[in-house]
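The structure appears right after this line, and notes come after that.
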Amino acid sequence: MEAKGYLQEVGAQVSADFIKNRSILSFEEYLTLFFADPRGQARNAAQYLRDVMDHYGTEQVPHPTGTIRRFKVFDAPSTGRDGRVAGQEEVQNALYRLLGNFVRAGRINKLIMLHGPNGSAKSSLVNALKQGMEDYSRQPQGALYRIAWVFPSEKLIKGSIGFGERPGTGSGDGELTTFAHLDAESLDLRMPCELRDHPLFAVPPSERRGLLEGALKKKGLGNGDGETGDFILSDYLRDGELCAKCRRIYTALLNAYGGDFLKVLRHVQVERFYVSRRYQVGTVTVEPQMSVDAAAQQISADRTQLNLPAALHSTVLFEPHGPLVHANRGLIEYADLLKRPLEAFKYLLGFSETSEVPLEPFVLQLDEVLIASSNEKHLSAFKELPDFASFKGRIELVRVPYLRRYKVEQEIYDAQITPTSVGKHVSPHATEVAAMWAVLTRLKKPIPDRYPPNVKPLVDQVAPVEKLHLYQEGGAPGRLSTANTKELLKLREEMYEESESYPNYEGRSGASAREIKTALFNAAQNPDYKCLHALAVLEELQSLCKDKSVYEFLLQEVMDGYHDHESFVRVVEGEYLDRVDSEVRDSMGLVSEGQYRELVERYIQSVSHWVRGEKMRNRVTGESEKPDEARMAEVEAIVMPQGEAAADFRRGLIASIGAHRLDNPEGVMDYPRIFPDMFKRLRDHYFEERKRVLRKNKENVLKYLSEDRNQLSPREQSQVQGTLKTMAERYGYCEYCAKDAILFLMRQRYA
1 MEAKGYLQEV
11 GAQVSADFIK
21 NRSILSFEEY
31 LTLFFADPRG
41 QARNAAQYLR
51 DVMDHYGTEQ
61 VPHPTGTIRR
71 FKVFDAPSTG
81 RDGRVAGQEE
91 VQNALYRLLG
101 NFVRAGRINK
111 LIMLHGPNGS
121 AKSSLVNALK
131 QGMEDYSRQP
141 QGALYRIAWV
151 FPSEKLIKGS
161 IGFGERPGTG
171 SGDGELTTFA
181 HLDAESLDLR
191 MPCELRDHPL
201 FAVPPSERRG
211 LLEGALKKKG
221 LGNGDGETGD
231 FILSDYLRDG
241 ELCAKCRRIY
251 TALLNAYGGD
261 FLKVLRHVQV
271 ERFYVSRRYQ
281 VGTVTVEPQM
291 SVDAAAQQIS
301 ADRTQLNLPA
311 ALHSTVLFEP
321 HGPLVHANRG
331 LIEYADLLKR
341 PLEAFKYLLG
351 FSETSEVPLE
361 PFVLQLDEVL
371 IASSNEKHLS
381 AFKELPDFAS
391 FKGRIELVRV
401 PYLRRYKVEQ
411 EIYDAQITPT
421 SVGKHVSPHA
431 TEVAAMWAVL
441 TRLKKPIPDR
451 YPPNVKPLVD
461 QVAPVEKLHL
471 YQEGGAPGRL
481 STANTKELLK
491 LREEMYEESE
501 SYPNYEGRSG
511 ASAREIKTAL
521 FNAAQNPDYK
531 CLHALAVLEE
541 LQSLCKDKSV
551 YEFLLQEVMD
561 GYHDHESFVR
571 VVEGEYLDRV
581 DSEVRDSMGL
591 VSEGQYRELV
601 ERYIQSVSHW
611 VRGEKMRNRV
621 TGESEKPDEA
631 RMAEVEAIVM
641 PQGEAAADFR
651 RGLIASIGAH
661 RLDNPEGVMD
671 YPRIFPDMFK
681 RLRDHYFEER
691 KRVLRKNKEN
701 VLKYLSEDRN
711 QLSPREQSQV
721 QGTLKTMAER
731 YGYCEYCAKD
741 AILFLMRQRY
751 A
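Each step along the sequence shown adds one to the number in the UniProt record's numbering, with nothing skipped, and position 638 is 638.
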């Protein structure tokens, strides 16, 4: 393609997009657009941000408290999942609830303070909202408009009426009704509004209220009071005024035209704008700094900079600037707000309540959502200051703890620890063991006194790794009886929320995701492994535990196994060995999962008839007979917890099935998910009996991956090849990490 042809093609596309997106409008054209969608054009910043969250939709996701709503905007759908927030659904719902409060109040009257330990995703949550705002502002339903002032050249006004005119811009007598669409050559000056004033501010407040209410009523949205419809007009749209600069331009033009409002509107150009983090349009992040967040400068004193029209020659114009100005009609984030000196943000006392900031020449009237972040240490120190009493009623505190579910934590590392980022293959479970260890460091010992007397001993005996699985899978320890298992599962939600009202809540301390990511990248440099191996990660975590001068959480007092971070490395190693052992066994194909399922289904069928006191049909003879007690006892000897009565165990199984059926009335009975411990005991029992065969098969795999491959018979080589193929396809092993994993497994469990 020739350069000229390429440029013409691109130019045509840009022009088409410009027209399609309605980037420049006259005031009359904007008013037509407003009448078509008054709700979309009458939103304040809180309503807009809430619509951003609604735009991407929600889903129900599993949670220790049952299920919880997750907002998909935090999945970063507009950026290919780069910046996705793992977990933190409680925080998402808290933000949505606060935005709803602002909407119902009709104004943004508080600052939202996200507080939690370092690295708990406070900034990531806000960044996801900003990304969503950027993308939504480019959609038709997210269109935002601002006001600008245009002044045609003297030549055009005096003698060239119609030059550059578009259809609909002229009146019947040949006079221009708008200067909004004039070409650049026909304009002497264009003055945008730095505050991005809403176009409807060109209509006087007294008339605007009727305009807004009438347009909403026509669309069946009530009159904007929230009682006659579901839309609430904000104070900003109902009573807001033009900024100081725009007001002076408006007044000067009104005087020049002898009070002719329509002639003033000829100078109004409505421009679509897009939220942008890079260019600080509608969203700004204020880092800890000493400077003031807003200021004003006079722009009309220097005639060499601006060719001001005659109507403005005697008008003093000031131009505001700074983060507060750039973020107007959007969101401003104060990162680590409490690291700043108190005097640098004391203006937020008034601003968060009135949305106004006084400057020397005028008062800024702003419409923006205020979100700040702070770590717990700075927040605790701030609460001790006398001024905190004044701030308390103007701040909404939202806690952002560390994650306490390791599979969710693992999502953070899986997104960033990739073969591309580390330069080598990432072996199975490398990020999982890191996530498990990180979550274990954050867990607190349950407080038995908070629970009824009959379950206090049960709660007191929950070990850290048992609590880890209780939160993640809802799995109870295999050591418990069926009755105790049911009791502990009932306490799962209460245990998860146990310390929410405490200053030293669960998830306040422990290893941060940033520290774990550093450990993973360090493990990738381990020269002993060709992959980023789980074993290299365990070695790195072991080294991390020795550096107590750097990591404060390592100084915590060990309490009944909790906060024993070095011991957690061994605990996680055991979990890793369980996974590798299971995957290697499965890959060898000695017993299929279907055989276990069939055995369990037949057993449960017998138990079901036994509980109901019914006979069942014999598959061989076809006769009806009592359930086979001997066969049931044979299975129970393997799967039943030690010391439990068979009758209680059987009734507990049927009760669990009934509870599952209530929760999943249409689903099939997924026995491996309902009874994971039962299937695990069956697998372990079988492989314990076949340990010699297993050891031989694993030794064959190691021989095949070494120089001793020729010692294996063709049949043995074929079996090993099948095992390695299954390990690669089903679990993601390469030959190197498979060899390292099996060799470690053999040393630890089959020596």
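Cβ coordinates follow ideal geometry from the N, Cα and C atoms, glycine included.
- Around the Cβ of ALA381, a 10 Å sphere holds fewer than 16 other Cβ atoms; the residue is exposed.
- Using a C-beta cut-off of 8 Å, the segment 119 to 128 makes contact with the segment 88 to 97, since at least three inter-stretch Cβ pairs fall below that distance.
- Separation of ARG681 and VAL639 (C-alpha to C-alpha, rounded to the nearest whole angstrom) is 6 Å.
- In the structure shown, the three-state DSSP call for VAL550 is coil.
- Annotation for MET113: the continuous beta strand (DSSP E) segment containing it runs 111 to 115.
- The continuous beta strand (DSSP E) containing GLN269 extends over residues 268 to 273.
- Scanning the segment 329 to 385 for uninterrupted beta strand (DSSP E) segments of 3 residues or longer gives 331 to 334, 356 to 358, 363 to 365 and 369 to 374, listed from N- to C-terminal end.
- In terms of Cα proximity to SER374, the closest of ASN109, MET113 and ARG69 is MET113.
- Residue range 45 to 55 is occupied by the alpha helix (DSSP H) that includes HIS55.
- Counting only the Cα atoms, ASP336 lies some 42 Å from PHE35.
- Distance from ARG404 to ARG442 at the Cβ level is roughly 6 Å; contact confirmed, criterion being Cβ atoms closer than 8 Å.
- In the same chain as GLU735, and ignoring 5 residues on each side of it, the C-beta atoms closer than 7 Å to its own belong to LEU705 and LEU724, in chain order.
- Shown here, PRO453 sits in a helix according to DSSP, grouped into three states.
- Of the residues MET746, LEU364, SER314 and MET632, the one whose Cα lies closest to the Cα of LEU599 is MET632.
- The C-alpha of ASP75 lies about 8 Å from the C-alpha of GLY83.
- Under the three-state reduction of DSSP, PRO77 is assigned to helix.
- Distance from VAL422 to LEU25 at the Cβ level is roughly 51 Å; contact not present, criterion being Cβ atoms closer than 8 Å.
- Of VAL580, PHE27 and GLU716, the smallest CA-CA separation from VAL150 is found for PHE27.
- Comparing C-alpha distances from VAL264 to each of LEU338, ALA180, ALA513 and TYR576 shows the shortest one belongs to ALA180.
- Buried is the label assigned to ASP564, since at least 16 other Cβ atoms lie within 10 Å of its Cβ.
- Restricting attention to ALA524, LEU221, TYR750 and ASN127, the CA atom closest to the CA of ARG39 is found in LEU221.
- Following the DSSP letters along the chain, one finds THR65 in no alpha helix (DSSP H), marked with neither H nor E.
- Only exposed fits PRO457, as fewer than 16 other CB atoms lie within 10 angstroms of its CB.
- In this structure GLU134 is in contact with VAL275, their Cβ atoms being roughly 5 Å apart against a cut-off of 8 Å.
- In this structure, the beta-carbon distance from VAL286 to ILE332 falls below 8 Å.
- In its chain, beyond the 5 residues on either side, VAL455 and LEU458 have a beta carbon closer than 7 Å to the beta carbon of GLU487.
- Close CB contacts of ALA536 within its chain, under the 8 Å cut and outside five residues either way in sequence, are with ALA430, ALA523, ALA524, ASN526, ASP528 and TYR529 (chain order).
- For GLY224, the closest of HIS198, ALA105 and PRO192 by C-alpha to C-alpha distance is ALA105.
- With fewer than 16 other beta carbons inside 10 angstroms of its own, MET669 counts as exposed.
- In the DSSP assignment, PRO320 falls within the beta strand (DSSP E) that extends over 318 to 321.
- Taken through DSSP and simplified to helix, strand or coil, ASP387 comes out as coil.
- GLU368 has its alpha-carbon roughly 42 Å from the corresponding atom of ARG450.
- Taken in chain order, the whole beta strand (DSSP E) runs of length 3 or more contained in the segment 90 to 140 are 111 to 115.
- Counting of Cβ neighbours within 10 angstroms places ASP663 among the exposed residues, the total staying below 16.
- Counting C-beta atoms within 10 angstroms of its own C-beta, THR418 has fewer than 16 neighbours from the protein chains shown and is therefore classed as exposed.
- If only uninterrupted beta strand (DSSP E) runs of at least 3 residues are considered, none is enclosed by the segment 613 to 674.
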